[in-house]
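K.L.:
Please find one structure pasted underneath; my questions will follow.
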Amino acid sequence: MKCQSWPCLFGPVIAITFMTAPGCHAFSAPSVKPFLSRVGALSVKIHPLYAVDPEESSSDETDVEEPIAPTNNDGRYDVSKLVGSSEDGAGFNQFDPVLKATGFLSRRFGILGGLAIFAALAAVEGGEILKSFDDIVPTTGSGETITTASGLQITELLVGKGGSVPLPGYIVGINAVVSVGDQIIYDTTKAGEKPIAFKLGQRPFQNVICEGVEEGIKGMKVGGKRRLDVPKALAPPGVDLPPGVPLTYQVELTEVLSGYF
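Residues in the sequence shown are numbered consecutively from 1, following full-length UniProt numbering.
See below:
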């Protein structure tokens with residue numbers, strides 16, 4: 001049996017001995033080179049004595065495949081592909097300047113910056129809403145009393161701004177306080193009472209509606225209030241007024257509906 005030794009591949013002190021028997025092929029440096037080239041792929045330092053020639057190793061090296069990213073098989077969807085990352089705001093309206101501004105301020109100054117601009121926008125929106133309410137809030141009337149050709153006296157208390165004016169065939173809703181002299185005989189503003197609804201121009205008259213009321217609400221809009229001093233000729237049928245005692249209606253227009261029936 002014959003022994004052959006070479007300097008160790010892993011250090012200068014220890015030697016590796018390969019035992020060969022008669023009739024067997026002894027290991028030689030060239031036969032070890034392919035093995036060493038594969039070991040070299042594992043980042044093992046090769047002794048200069050057995051360094052592999054670059055031209056020879058090029059044919060022996062195997063391609064190292066790039067690691068494959070693990071596949072998400074936990075049954076969940078990648079939501080980022082649907083709504084985008086939080087950095088660029090995908091999934092929201094990218095053309096909305098408000099969202100872009102709040103997103104920028106949140107990244108720049110934190111959540112307080114975003115809340116600040118949100119509060120400012122809320123104030124603007126609230127102002128627009130209040131302005132729209134102001135557009136329909138009744139204004140104080142002149143308080144002047146006019147007398148029509150029929151003898152009806154009309155005093156404008158509040159000027160309404162909502163909706164359209166009543167026309168024949170429209171459904172009209174009013175609150176009414178009816179009094180004879182200083183005595184109230186009918187009041188829809190009391191708790192539990194409801195406004196009076198009637199079709200303008202319909203005959204016979206219902207409830208306390210009369211010609212004086214129909215004439216007196218002409219030109220009114222929702223929210224408006226008038227005081228009507230109704231003469232006996234325009235009062236409800238069967239009403240007998242003492243001489244010199246007026247029949248007074250204080251009416252508030254609450255609803256005007258066209259084409260109800």
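Idealized CB from N, CA, C, for every residue including glycine.
1) Could you check whether V251 and V180 sit closer than 8 Å to each other, using their CB atoms as the reference points?
2) Restricting to Cα atoms, I'd like to know which of Q153, L152, A176, V159 is closest to T139.
3) In whole angstroms, what is the alpha-carbon distance linking I184 and C210?
4) Can you round the beta-carbon distance between D229 and Q153 to whole angstroms, since I take them to be within the 8 Å contact cut?
5) Cβ of V251 within 7 Å of any heavy atom in the ligand ADP?
6) Along the chain, where does the alpha helix (DSSP H) that runs through V213 open and close?
7) In the structure shown, what three-state DSSP assignment does E221 receive?
8) Going by beta-carbon coordinates alone, are T155 and R227 separated by less than 8 Å?
9) Looking at the strands, I want to know which residues DSSP matches up with K199.
10) Roughly how far, in whole angstroms, is the beta-carbon of G162 from the beta-carbon of V222, given that I think they are within contact range, below 8 Å?
11) Can you tell me whether I174 is buried or exposed? The criterion is at least 16 other CB atoms within 10 Å of its CB, across all chains shown.
P.N.:
According to the data block:
1) Position 180 of the sequence shown, counting from 1, holds the residue named residue 180. Position 251 of the sequence shown, counting from 1, holds the residue named residue 251. Not a contact, by the Cβ cut-off of 8 Å.
2) Within the sequence shown, the letter at position 139 stands for residue 139. Distance check between T139 and each of Q153, L152, A176, V159 places V159 closest, using alpha-carbon atoms only.
3) As a working mapping, residue 184 is identified with position 184 in the sequence shown. As a working mapping, residue 210 is identified with position 210 in the sequence shown. Taking C-alpha positions only, I184 is separated from C210 by approximately 17 Å.
4) By 1-based counting over the sequence shown, the position of residue 229 is 229. By 1-based counting over the sequence shown, the position of residue 153 is 153. That pair is a contact at about 4 Å.
5) Summarising the ligand content, the structure contains no ligands, and the ligand ADP is consequently not present.
6) Taking the sequence shown and counting its residues from 1, the one referred to as residue 213 is at position 213. Looking at the DSSP string, the run of the alpha helix (DSSP H) that includes V213 is 211 to 216.
7) Walking along the sequence shown from the start, residue 221 turns up at place 221. As written in the sequence, residue 221 is Lys, which differs from the Glu given in the question. The answer is coil: DSSP assigns K221 none of H, G, I, E or B.
8) For the purposes of this step, residue 155 is identified with residue 155 of the sequence shown, where counting begins at 1. For the purposes of this step, residue 227 is identified with residue 227 of the sequence shown, where counting begins at 1. Result yes, Cβ atoms of T155 and R227 sit closer than 8 Å.
9) Position 199 of the sequence shown, counting from 1, holds the residue named residue 199. According to DSSP, K199 bridges with I171.
10) Start at 1 with the first residue of the sequence shown, and residue 162 comes out as number 162. Start at 1 with the first residue of the sequence shown, and residue 222 comes out as number 222. Yes, G162 and V222 are in contact; Cβ-Cβ is about 4 Å, under 8 Å.
11) As a working mapping, residue 174 is identified with position 174 in the sequence shown. With 16 or more Cβ atoms within 10 Å of its Cβ, I174 is classed as buried.
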